[in-house]
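Enquirer: For the sequence shown, position 13 matches number 49 in our numbering, and the numbering has no gaps at all.
Each residue gets a CB set at the ideal place from its N, CA and C atoms; glycine is no exception.
Since the model is a prediction, treat every value here as computed from it, not as a measurement.
Here it is, the structure, as structure tokens.
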Amino acid sequence: MKSYNALVCLFVLVIFFPTSTWAIKNLCSDCGFQAKENETICSKCSKPLNKCLGCGFLNRVLADYCQKCFLPMAEMRILGSIASETRDELRLGESERAQLDRELQKLSFLIEKFPDKSEIYLYRQAKIFKRMNFSAKEAKAWEEYLAKFPQTSHKPEITLFLSEALRKWGYLFYQQGEKEKALEKFLGAAKTNPMNSEAWIWVGRLRNEKKELGLAGDAYLEALKANPGDKIAIHFLKSLKKVIPPELLKRPAEFFEKPIVQKSTEISIPQISPQTTVSGTQTPVVQASWTLPIVSTVSSASSPKKISPVVPIANPTIIPSGK
């Protein structure tokens with residue numbers, strides 16, 4: 037109960053008393069000595085005050101994001117106040133969700149700080165939302181990307197991602213009983229990619245439920261055009277007494293004859309790392325590959341664990357066009 041009350045008090049301080057929060061941020065977690073905002077090590081007990089657990093960089097107290105790797109420091113300060121043995125044993129901050137959350141915070145910071153690089157950051161942000169199954173946020177991210185970079189050479193691939201995200205978002209609305217919003221998203225998915233047969237099936241279903249039988253039939257016919265031989269579309273078209281073109285009743289022969297070729301699962305995507313300029317500020321640099329963080333299963337007793345290990349993305353991806 038005491039720990040719960042302490043947590044509530046800390047939340048109230050953060051929300052309503054930012055000045056007090058800064059004072060807490062300024063305090064050494066070991067000895068309680070108040071440090072100056074430009075210090076990196078406690079002048080009383082020599083404990084690092086704002087150490088990044090991702091790259092090990094000692095940041096100044098005032099830094100909210102690591103000056104070397106741009107990870108958010110708020111969580112690092114809390115984790116840094118916990119004994120490393122306890123942190124390692126409980127794997128605090130090492131879950132994939134925690135790492136992806138940090139990456140999203142980092143990208144939001146980079147988009148604001150380096151708008152000229154936003155094409156890369158927005159793309160990566162959308163891919164993380166996709167990986168986390170945040171369909172609504174993913175759809176909004178792809179829409180923002182296409183609005184800012186309408187001439188991108190990768191628009192066809194991105195519209196496929198957007199269409200599928202809208203379809204999943206629509207299904208979430210449908211599960212919540214908000215059928216009008218669901219229909220809006222399904223229509224958006226079908227408009228974005230007319231070959232999204234599953235989106236058309238859902239449009240047909242909701243039109244059918246609204247007794248809009250003509251529109252329902254049109255939607256099922258579009259689904260069948262996108263996916264000839266689809267049994268669901270054929271069933272409902274027959275129940276609606278719609279004329280079905282014979283060529284749409286079966287899948288084309290080449291569908292069975294041509295083997296499906298899998299694309300390479302590792303495609304190079306730019307990775308952002310900082311570079312210090314003459315003035316001492318940091319700017320991002322494009323490196324060879326772009327990776328997403330996941331939990332590392334390898335541990336070493338001889339060296340402390342670092343936050344946010346990374347591995348290559350394990351699904352087909354595309355490279356945003358350069359500026």
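#1: Quick one: what does DSSP say Q211 is sitting in, helix, strand or coil?
#2: When the Cα atoms are used, what is the spatial distance from E130 to D124?
#3: Tell me, please, whether the region 247-264 touches the region 222-235 by the rule of three or more beta-carbon pairs shorter than 8 Å.
#4: Determine, using beta carbons only, whether N95 and C102 come nearer to each other than 8 Å.
#5: Under a Cβ-count criterion, where at least 16 other Cβ atoms within 10 Å of its own Cβ denotes burial, should G253 be classed as buried or exposed?
#6: Is it buried or exposed for S171, if we count other Cβ within 10 angstroms and need 16 for buried?
#7: Alpha carbons only, please: which of E248, A235 and K246 is nearest the one belonging to A269?
#8: In this structure, how does DSSP classify Q135 when only helix, strand and coil are distinguished?
#9: Is E132 near the ligand GDP, with its Cβ less than 7 Å from a heavy atom?
#10: Is it buried or exposed, A183, if we count other Cβ atoms within 10 angstroms and call 16 or more buried?
#11: Can you give me the start and stop residues for the alpha helix (DSSP H) that H271 sits inside?
#12: Got a sec? Which residues, its chain only, sit under 7 Å from F209 by beta carbon, not counting five neighbours each side?
#13: Specify, as a first and last residue, the run of the alpha helix (DSSP H) that T122 falls within.
#14: If we require 4 or more residues per run, which alpha helix (DSSP H) segments fall completely within the region 150-188?
#15: Buried or exposed: L202, going by 16 or more other Cβ atoms within 10 Å of its Cβ?
#16: Taking the C-alpha atoms as reference points, what is the distance between K176 and A162?
#17: Given a cut-off of 8 Å on the beta-carbon distance, is the pair L126 and L89 in contact?
#18: Given a cut-off of 8 Å on the beta-carbon distance, is the pair L249 and L276 in contact?
Expert: Here's the rundown:
#1: For the purposes of this step, residue 211 is taken as residue 175 along the sequence shown, with counting starting at 1. In the structure shown, Q211 falls within a helical segment according to DSSP collapsed to helix, strand and coil.
#2: Numbered from 1 along the sequence shown, position 94 holds the residue referred to as residue 130. Numbered from 1 along the sequence shown, position 88 holds the residue referred to as residue 124. Per the coordinates, the alpha-carbon of E130 lies some 9 Å from the alpha-carbon of D124.
#3: Because the criterion of three Cβ pairs below 8 Å is met, the region 247-264 and the region 222-235 touch.
#4: For the purposes of this step, residue 95 is taken as residue 59 along the sequence shown, with counting starting at 1. For the purposes of this step, residue 102 is taken as residue 66 along the sequence shown, with counting starting at 1. The Cβ atoms of N95 and C102 lie closer than 8 Å to each other.
#5: For the purposes of this step, residue 253 is taken as residue 217 along the sequence shown, with counting starting at 1. With 16 or more Cβ atoms within 10 Å of its Cβ, G253 is classed as buried.
#6: As a working mapping, residue 171 is identified with position 135 in the sequence shown. Label assigned to S171: buried.
#7: The residue given as residue 269 occupies position 233 in the sequence shown. Measuring C-alpha to C-alpha distances from A269 to each of E248, A235 and K246 identifies A235 as the nearest.
#8: Position 99 of the sequence shown, counted from the start, is the residue given in the question as residue 135. Helix.
#9: Ligands displayed in this structure: none; no statement on the ligand GDP is therefore possible.
#10: By one-based count along the sequence shown, residue 183 stands at place 147. Exposed, since its Cβ has fewer than 16 Cβ neighbours within 10 Å.
#11: Taking the sequence shown and counting its residues from 1, the one referred to as residue 271 is at position 235. Segment K267 to S275, the alpha helix (DSSP H) holding H271.
#12: Numbered from 1 along the sequence shown, position 173 holds the residue referred to as residue 209. If we look at F209 and ignore the five residues flanking it on each side, its Cβ neighbours are K217, A218 and K221.
#13: On the sequence shown, residue 122 is found 86 positions in, with the first residue counted as 1. Start and end: S120 to L126.
#14: Counting whole runs of 4 or more residues, the region 150-188 contains the alpha helix (DSSP H) stretches 154-167 and 171-184.
#15: In the sequence shown, residue 202 corresponds to position 166, counting from 1. L202 is buried by the Cβ-count criterion.
#16: Taking the first residue of the sequence shown as position 1, residue 176 is located at position 140. Taking the first residue of the sequence shown as position 1, residue 162 is located at position 126. Each residue's alpha carbon lies about 8 Å from the other.
#17: Residue mapping note: residue 126 aligns to position 90 of the sequence shown, counting from 1. Residue mapping note: residue 89 aligns to position 53 of the sequence shown, counting from 1. L89 is positioned such that its CB atom lies no closer than 8 Å to that of L126.
#18: Looking up residue 249 in the sequence shown gives position 213. Looking up residue 276 in the sequence shown gives position 240. Their beta carbons are under 8 Å apart, which means L249 touches L276 by this criterion.
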